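Residue numbers (this note's numbering): 10 to 196. First the structure, in the form of structure tokens, and then the observations on it.
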Amino acid sequence: MTTTPTPTRKDAARNRSLLLATAGDLFRDAGLEVTLKDVARQAGVGVGTVYRHFPTKDDLVAALFAQQLEAEIERARKSVEAGDSWEALVDYLKESMRLQSSNRGLRALMCPAGSVFDSVRECKAVVNPLIDQLVKSAHAQGTLRPDCTSRDIALLQVGLVGIMDATPEDPNAYRRHLALFLDGVRM
10 MTTTPTPTRK DAARNRSLLL ATAGDLFRDA GLEVTLKDVA RQAGVGVGTV
60 YRHFPTKDDL VAALFAQQLE AEIERARKSV EAGDSWEALV DYLKESMRLQ
110 SSNRGLRALM CPAGSVFDSV RECKAVVNPL IDQLVKSAHA QGTLRPDCTS
160 RDIALLQVGL VGIMDATPED PNAYRRHLAL FLDGVRM
């Protein structure tokens, strides 16, 4: 009876890198519908290899998008600290949507469907109060319509994602709608 040798740490690290790179490509192009089996198939490894590194899809999402989610938190924090709340809100939205426009997985994560993942809920638990603070600051500054809420900002982002998904032939179409919205809520 032949036994399979336990992979060395170097092999495990190489497999993990391969799986993350493969998953990154798949999620970027196909969104959240990607399964762990899809990752295994595309990476040319057995599904057991994927499950050893990422026992659940949530584990894979957390590892794959950790940097982007942390960057989202940092972007929101910097926006709150900026001197001009209106400009900070505009810059935050432009950068967040630019990043989402190039990655279907990331934009799906930032919409309500992404909230099934623990890492996304944790990110939103930090970002949402920061955006609320930014909106209140823009109200106090007199640059944002008083009836525009942080919920409106969140719904705008969901709407822009819908525009991105509906216009794959024009990846910049969402920018026009973002500009229209911002013109409509600016004081």
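Don't be surprised by glycine CBs; every beta carbon is placed ideally from N, CA and C. It should be emphasised that the depicted structure is a prediction, and the values quoted were computed from it without experimental measurement.
Collapsed DSSP secondary structure at residue i in the structure displayed
i, result
"R154", "coil"
Residue i, enclosing alpha helix (DSSP H) - first and last residue
i, result
"R18", "18-39"
"F74", "66-90"
"S9", "In this structure the chain extends from 10 to 196, so residue 9 is not present and cannot be described."
Between the CA atoms of residue j and residue i - distance to the nearest angstrom
i, j, result
"V99", "K19", "45 Å"
"A49", "S111", "23 Å"
"Q109", "G57", "31 Å"
"V43", "Q51", "11 Å"
"L69", "A134", "20 Å"
"S94", "E81", "17 Å"
"I140", "H62", "34 Å"
"Y183", "G193", "15 Å"
"P6", "A149", "Given a span of 10 to 196 for the chain in the structure shown, any question on residue 6 remains unanswerable."
"F36", "V59", "15 Å"
"E104", "G114", "16 Å"
"C120", "A91", "25 Å"
"L28", "Q142", "38 Å"
Own chain, CB closer than 8 Å to residue i, minus 5 neighbours either side, in chain order
i, result
"H186", "G168, L169, I172"
Proximal residues to residue i (C-beta, below 6 Å), its chain only, five neighbours per side dropped
i, result
"A71", "S128"
"V144", "S159"
Proximal residues to residue i (C-beta, below 7 Å), its chain only, five neighbours per side dropped
i, result
"R23", "none"
"A39", "R113"
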